[in-house]
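In case it helps, my numbering puts the sequence shown at residues 58 to 146. Worksheet: the structure to be examined is printed underneath.
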Amino acid sequence: MKKMFNITAPEGLHARPAALLVTAVTPFECDVQLTYKEKSVNLKSIMGVMALGIAPGSIVEISAEGPDAEKLFQTITEVIVSKGIGEEC
58 MKKMFNITAP EGLHARPAAL LVTAVTPFEC DVQLTYKEKS VNLKSIMGVM ALGIAPGSIV
118 EISAEGPDAE KLFQTITEVI VSKGIGEEC
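Below, the structure written as structure tokens:
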């Protein structure tokens with residue numbers, strides 16, 4: 058399962074928004090990846106997410122595989138939109 062998001066936060070995906078995303082996905086069983094500019098990292102890793110240097114206006118892909126992937130995408134979409142991090146493409 059995959060979804061694309063446009064990062065709209067003025068600071069991009071740095072420490073605070075990255076921490077919100079990592080915290081939101083950590084309880085889920087499934088494997089979840091964040092891909093940006095052909096580099097993928099585990100979305101459960103704050104250092105991996107921050108290392109991508111995702112700027113405002115960037116398009117990222119989030120992919121997940123596992124038994125609770127559908128619920129994970131509901132949660133991640135809600136966090137991204139409600140916290141002003143970005144919007145679904």
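Glycine residues also receive a C-beta, built at the ideal position from the N, C-alpha and C atoms. Just so we're clear, the structure is a prediction, and the values are computed from it rather than from any experiment.
Item: Which ranges would you report for the beta strand (DSSP E) in the segment 81–138 if only whole runs of at least 3 residues count?; Value: 88–93, 96–99 and 116–122
Item: Thinking C-beta only, is ALA126 closer than 7 angstroms to CYS87?; Value: yes
Item: Roughly how many whole angstroms lie between the Cα atoms of GLU122 and LEU91?; Value: 12 angstroms
Item: Counting only the same chain and skipping the five closest in sequence on each side, list residues whose C-beta sits under 6 angstroms from that of GLY143.; Value: PHE62, ASN63, ILE64, THR65 and ILE137
Item: Roughly how many angstroms separate the alpha carbons of THR141 and HIS71, rounded to a whole number?; Value: Looking at the sequence itself, residue 141 is Gly, so the reference to Thr does not match. Each residue's Cα considered, the two are about 13 angstroms apart.
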